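Q: Sequential numbering from 123 applies to the sequence shown in our numbering. Glycine included, every Cβ here is placed at the ideal spot set by N, Cα and C. The structure displayed is predicted, hence computed values, not measured ones. Once you've had a glance at the structure underneath, I'll fire off some questions.
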Amino acid sequence: MQRANRPDPIRVRFSATPLFVVAWAIFATWMFSAPAQEPDLADIVVADFEGEDFGQWQVEGEAFGQAPAQGTLPGQMHVGGFEGKGLANSFNQGDDSVGTLTSPSFVIERRFVTFLIGGGGQPGKTCINLLVGGEAVRSATGGNTQSGGSEELNLASWDVSEFVGKQATIRIVDTATGGWGHINVDHIVLTDTKPPVPIFDRREKTFTIQDRYLVMPIQNGGSPNGRLQLFVNDREVRNYELRIASSAEATDWYAFFTLDRYQGEHARVVASQATEEGFSLVRQSSSVPGDEQVYREPHRPQFHFTQKVGWNNDPNGMVYHDGKWHFFFQHNPVALPWGNMTWGHAISPDLVHWEQQPNKLFPKTMARGDCFSGGATVDKNNTAGWGANALVAFLTDTGAGESIAYSTDGGHSFVWYEGNPVVKHQGRDPKVIWYPYEDDDQPLNDRARQLGGHWVMVVYDENQEYGQNVAIYTSTNLKEWTERSHLTGYFECPEMFELPIDEIGANRRWVLFAADAKYAVGKFNGTTFRPEHEGKHQVHWGPYYASQTFDNSPDGRRIQIGWLRIDSPGPYNQHFSLPHRLTLRSTDDGIRMFAQPVKEVEQLRLRSHRYEGRPLVADQTVKLAVSSDLLDVQVRVDVGSATEISLALPGRTIRYDASTRKLNDVPLEPVDGRISIRVLADRSITEIIGNEGRVYISGGGPAQTEATDVVVTAHGGDAKLDEFQAHELKSIW
C-alpha cells in the first residue's frame with residue numbers, strides 16, 4: 123500500500139517551564155478555548171494499478187491478464203473515468219473469460235473505503251468485495267446489465283468504521299460470462315474524509331407485522347445495487363435483487379411485498395446495500411405510496427391488463443377454476459428490467475375486468491432458483507392425491523428442474539411439492555394438459571385405462587440428438603413422468619391443444635406452437651404429435667411472444683394471451699394482448715388458425731357510431747366523429763379499383779396495400795374482393811385483426827391523445843364501404 127501525499131503530521135514539543143505555568147495554560151485552554159479539531163489523517167492508497175504488473179496481488183484465471191490494463195481492451199467500448207494510466211479490467215479475452223484479483227492483507231486504518239468502479243452489474247459475479255475474517259462484508263458492482271450501457275467508471279464508497287483496526291483484503295471478482303460479464307476497478311483508497319457519494323451499507327431492522335404491505339423505494343437506471351431479504355419468524359420468505367433508492371428525492375416508484383398472511387408475526391428485513399435514508403423508507407404501510415396514480419398514467423392501457431408496478435413477460439398458469447379466470451405471469455416486482463422471476467397473479471370473472479392478486483410463486487425461497495414459465499391445470503380426479511379439483515401449477519425452477527406447486531384453496535396460496543423436480547433435463551416451460559381417451563386410443567397402462575386418459579407434458583428441451591425441440595412426457599399422477607417423443611425446431615414456451623375444424627365437433631386437429639406462435643396442425647395419439655404439412659403457419663405478427671392458452675375453459679373455447687414486447691416508462695414495463703379466441707377454419711390454403719378478441723370485450727362499448735353501404739370515391743374521406751381515444755373500430759371494404767385503403771384513428775394509421783395485398787406489411791388476401799379490418803386502440807397498444815382473424819397484428823400506440831375523427835380513405839381508385847363502425851370503450855379500471 124502507498125500513502126497519499128499529505129502534509130506531515132504536526133509534532134508538538136514542550137520546553138522546560140514552571141509547573142504552575144503549564145497548569146495555568148492547560149486550565150485556560152480548557153476554560154476559554156473551543157475543543158481542538160483532530161487533524162485529518164493522510165489517505166492510504168490500497169491500489170492505483172499504475173505498475174507494470176499487479177505486484178503482490180494474487181491473480182487467478184484469465185480475465186484480468188497479468189498486468190493492469192492501459193485503458194480500453196480489444197473489442198471493448200471506450201473505458202473512461204479511471205485515474206492515471208492503468209486499471210483492473212477483466213475484459214481480457216472478452217466477456218467469456220473469468221478470474222479474480224486478491225490484494226495482500228492490510229489493516230483498515232480509516233473510516234471509509236473509496237474506489238472507482240464500472241462494467242457489469244451482476245452481484246456476486248462482477249463485483250469488488252471487502253473481506254474481513256475471510257467473509258465478504260461489503261460488495262459493489264458496476265452499473266450495467268443490459269445491452270448498450272457505458273464503460274465509464276464512477277466513484278463509490280463503503281463506510282467501514284465498524285472494522286477499523288481489523289485485517290482485511292480486497293477481492294475483485296469476475297465469474298460471469300456473456301454480456302457485461304466483466305468488471306472495471308481503479309484507485310482504491312482508505313480515507314477519513316466522508317466521500318461526496320451516498321454511503322451504501324448492510325442494514326437491518328426488525329418489526330412486528332401489523333400493516334398490509336412492506337414498501338421499498340426504487341430508483342430506476344443502472345443495475346441492482348444489492349439484495350433485500352425478508353424473514354418472518356426467522357424463515358426467509360422473500361429474496362430479491364433490487365436498486366433501493368438512496369433518498370426520497372431519488373425515488374422513482376415504490377415496490378411492495380404483501381404481508382396479509384403474516385399479520386402479527388415477527389419480521390426482519392435485511393438490505394445488503396442501502397443508504398441510511400433509503401433504508402428508512404423501507405417500511406410497513408397500509409397502502410403503497412403512489413398507488414392513487416396507478417392506472418391513471420397517460421401511457422397506461424385502459425382495457426388491457428397491466429400489473430401495477432415492475433416488469434412482466436410470459437403469461438403463465440392460465441386456467442379457469444371455480445368461476446374465475448386465473449392469469450399468472452412472469453414478473454419482476456421490484457424493478458423495470460427483467461429479473462427475479464416471480465409468478466404474478468390476476469383473476470377475472472369475465473376475461474375483461476382484472477384484479478391483481480398478491481404474487482404467488484417466489485424465487486430463492488420457494489424455488490431454489492428463479493420461478494420460470496409454465497402452465498396450470500385442475501386435477502379433477504385427484505390423480506395426485508392433493509384433493510379433487512386441486513389447482514396444480516407446473517414451472518421451471520432454474521435451480522432444480524420442472525417443478526410443481528399446488529393450491530387447495532382456489533389459488534390463494536400454493537404449496538411447493540416436496541418431490542420436486544419431477545422432470546430434470548436441459549429445458550424449461552412445461553405445459554400440462556389432460557388427454558381423454560377415445561375409442562381408438564390405446565391406454566398407457568391399467569391406471570390410465572381406469573382414469574380414462576392420462577396427463578401430457580409438452581416442454582421445451584435441448585439435447586444433442588434433437589437440438590432445440592419440444593419434448594412430450596406422460597403421467598397418470600402428475601408426479602412421475604415418462605419421456606415419449608420429441609419434435610425438432612421449436613424454442614421456448616410450447617403449447618398444444620385440440621380444436622374442431624369449422625366448428626364441427628367430429629372433425630378435429632391438434633395444434634402445436636412455441637414462443638414465436640408459429641404453429642403446426644396435425645394429429646396426436648397421446649404420446650406423439652405428427653404435423654400434416656411442411657413448415658409452420660402464422661397468425662400472429664408484431665412484438666407478440668411466449669403466449670399461452672387457458673386450460674379448463676368452461677365453454678370449450680380456446681383463449682390465448684400473449685406477451686407484447688412493448689416498453690413502458692414505468693412504474694410498470696411491458697404489456698399483454700387482449701384475450702383472443704382461437705379457431706381452426708378451412709381456407710383455400712388449407713386448415714388455418716384464426717384469432718379474434720373474445721366477445722366479452724363488447725361489454726366495454728360506451729357509444730357506437732356507424733355507416734353502412736357507402737361508396738368510397740377515390741381520395742375522398744368518410745369520417746366518424748368520436749370523443750374517446752379508446753376505440754374498437756371495424757371496417758369492411760370492397761377494394762374495387764383502389765390501390766390502398768387507409769384507416770386513420772387518433773394517433774395512428776392502418777394501411778392496406780391492394781397491389782402487394784398487405785395489411786401494415788403483413789400478407790392478407792382479399793376474400794371475394796373484400797377485406798375486413800378491426801382495430802382495438804388502447805393507450806400504448808394497437809391490435810389489428812384482418813379478415814375476421816386470419817391475421818392478428820400487435821403493436822405499440824400513443825399515450826393518451828386527443829380524440830378526433832376516425833377516417834377511411836380509398837386511394838388511387840374507387841372502393842365500396844360495406845361496413846364502418848367505431849365503438850368508444852370505457853376503462854376497466
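Alpha carbon to alpha carbon, how far is E605 from I854? Give it in angstroms, no decimals.
A: About 44 Å.
Q: What are the uninterrupted segments assigned as alpha helix (DSSP H) that are 4 or more residues long and contained completely in the region 544–594, given in chain order?
A: Runs found: 568–573.
Q: Relative to the C-alpha of Q847, which residue among L753, G664, P789 is closest?
A: Of the candidates L753, G664, P789, the one whose C-alpha sits nearest the C-alpha of Q847 is L753.
Q: Just to confirm, are V229 and L252 a CB contact at a threshold of 8 Å?
A: No, Cβ-Cβ distance for V229 and L252 is not below 8 Å.
Q: The alpha helix (DSSP H) with F401 in it runs from where to where?
A: F401 -> alpha helix (DSSP H) spans 398–402.
Q: Ignoring anything shorter than 4 residues, give me the alpha helix (DSSP H) runs that lie fully in the region 653–731, in order along the chain.
A: If we require 4 residues or more, the region 653–731 turns out to have no alpha helix (DSSP H) run fully inside it.
Q: Mind checking whether A169 and S225 have CB atoms under 8 Å apart?
A: Result yes, Cβ atoms of A169 and S225 sit closer than 8 Å.
Q: In the DSSP output, which residue or residues are listed as bridge partners for C615?
A: Answer is none; C615 lacks a bridge partner.
Q: Counting C-beta neighbours from all protein chains within 10 Å, is the total for N355 16 or more, i.e. buried, or is it exposed?
A: The residue is exposed, with fewer than 16 neighbouring Cβ atoms inside 10 Å.
Q: Tell me the rounded alpha-carbon separation between H421 and E602.
A: Distance between the alpha carbons of H421 and E602: 46 Å.
Q: Counting Cβ pairs, one atom from each stretch, are 3 or more of them under 8 Å apart for the region 377–391 and the region 658–677?
A: Counting Cβ pairs under 8 Å, fewer than three are found: no touch.
Q: Taking R736 as the reference, give the member of H849, D840, D551 with the closest Cα.
A: Out of H849, D840, D551, D840 has the C-alpha closest to the C-alpha of R736.
Q: Report the option in I166, G838, G243 whose CA atom is closest to the CA atom of P459.
A: Checking every option, the nearest Cα to that of P459 belongs to G243.
Q: Rank R357, D413, Y335, Q341 by C-alpha distance to the C-alpha of Q385 and give the top, closest one.
A: The residue with the shortest Cα to Cα distance from Q385 is Y335.
Q: DSSP three-state call for N462: helix, strand or coil?
A: Coil, per DSSP.
Q: Starting from E358, follow the beta strand (DSSP E) in both directions and report where the run begins and ends.
A: Segment 357–364, the beta strand (DSSP E) holding E358.
Q: Round the Cβ separation of G240 and N276 to the nearest angstrom and send it over; I've been treating them as touching at under 8 Å.
A: With a Cβ gap of about 6 Å, G240 and N276 count as contacting.
Q: Report back the beta-carbon spacing between I797 and V759 to the nearest angstrom; my notes put them in contact at under 8 Å.
A: Their Cβ separation, rounded to whole angstroms, is 6 Å, which keeps I797 and V759 in contact under 8 Å.
Q: Quick one: residues in its chain with C-beta nearer than 8 Å to the C-beta of S408, no 5 flanking neighbours on either side, listed in chain order?
A: D333, R334, Y335, listed in sequence order.
Q: Three-state secondary structure (DSSP) at P157?
A: Bear in mind that the predicted position of P157 carries a pLDDT of just 44, short of 50, making it unreliable; the figure below should be weighed with that in mind. In the structure shown, P157 sits in coil (DSSP, three-state: anything other than H, G, I, E or B).
Q: Using only alpha-carbon positions, find the residue among I366, I340, I331 that is nearest to G348.
A: For the residues I366, I340, I331, the minimum Cα distance to G348 belongs to I366.
Q: Look at the alpha carbon of A740 and the alpha carbon of N695, and state the distance between them as a whole number of angstroms.
A: Taking the straight line joining both Cα atoms gives about 42 Å.
Q: Apply the 10 Å Cβ neighbour rule to S597 and answer buried if 16 or more other Cβ atoms are within range, or exposed otherwise.
A: Classification of S597: buried, given that the 10 Å Cβ count is 16 or more.
Q: For P882, is the classification buried or exposed, using 16 other Cβ atoms within 10 angstroms of its Cβ as the cut-off for buried?
A: A query on residue 882 cannot be resolved here, the shown segment of the chain reaching from 123 to 855 and no further.
Q: For the putative contact between I250 and I294, defined by C-beta atoms under 8 Å, what is the C-beta separation to the nearest angstrom?
A: Yes, I250 and I294 are in contact; Cβ-Cβ is about 5 Å, under 8 Å.
Q: What does a CB cutoff of less than 6 Å around E182 pick up in its chain, not counting 5 residues either side in sequence?
A: G221, T222, listed in sequence order.
Q: Does DSSP classify Q415 as helix, strand or coil?
A: Residue state, collapsed to three classes: helix.
Q: Relative to the C-alpha of Y667, which candidate in S820, I810, V801, L706 has its C-alpha closest?
A: That would be S820, whose Cα lies nearest to the Cα of Y667.
Q: For P558, which residues of its own chain have a beta-carbon under 7 Å away from its beta-carbon, when the five flanking residues on both sides are left out?
A: Contacts found: G574, G575.
Q: Rounded to a whole number of angstroms, what is the C-alpha to C-alpha distance between G863 and W302?
A: The shown model of the chain, from 123 to 855, leaves out residue 863, and the question about it has no answer.
Q: Can you list, in chain order, the stretches of the beta strand (DSSP E) that have 3 or more residues and sit fully within the region 270–342?
A: For the region 270–342, whole beta strand (DSSP E) runs of length 3 or above, ordered along the chain, are 276–281, 289–296, 305–313, 323–330, 335–340.
Q: Tell me where the beta strand (DSSP E) around R260 begins and ends.
A: 257–263 is the extent of the beta strand (DSSP E) around R260.
Q: Return the chain-ordered ranges of every beta strand (DSSP E) run that is complete within the region 185–211 and spans a minimum of 3 residues.
A: The region 185–211 contains no whole beta strand (DSSP E) run of 3 or more residues.
Q: Since E845 contacts V744 with CB under 8 Å, what's their CB separation in whole angstroms?
A: Going by Cβ atoms, the distance from E845 to V744 rounds to 12 Å, so no, they are not a contact pair.
Q: So what does DSSP say about E540, is it helix, strand or coil?
A: Coil, per DSSP.
Q: To the nearest angstrom, how far is the alpha carbon of F378 from that of P676?
A: Between F378 and P676, the C-alpha separation is close to 34 Å.
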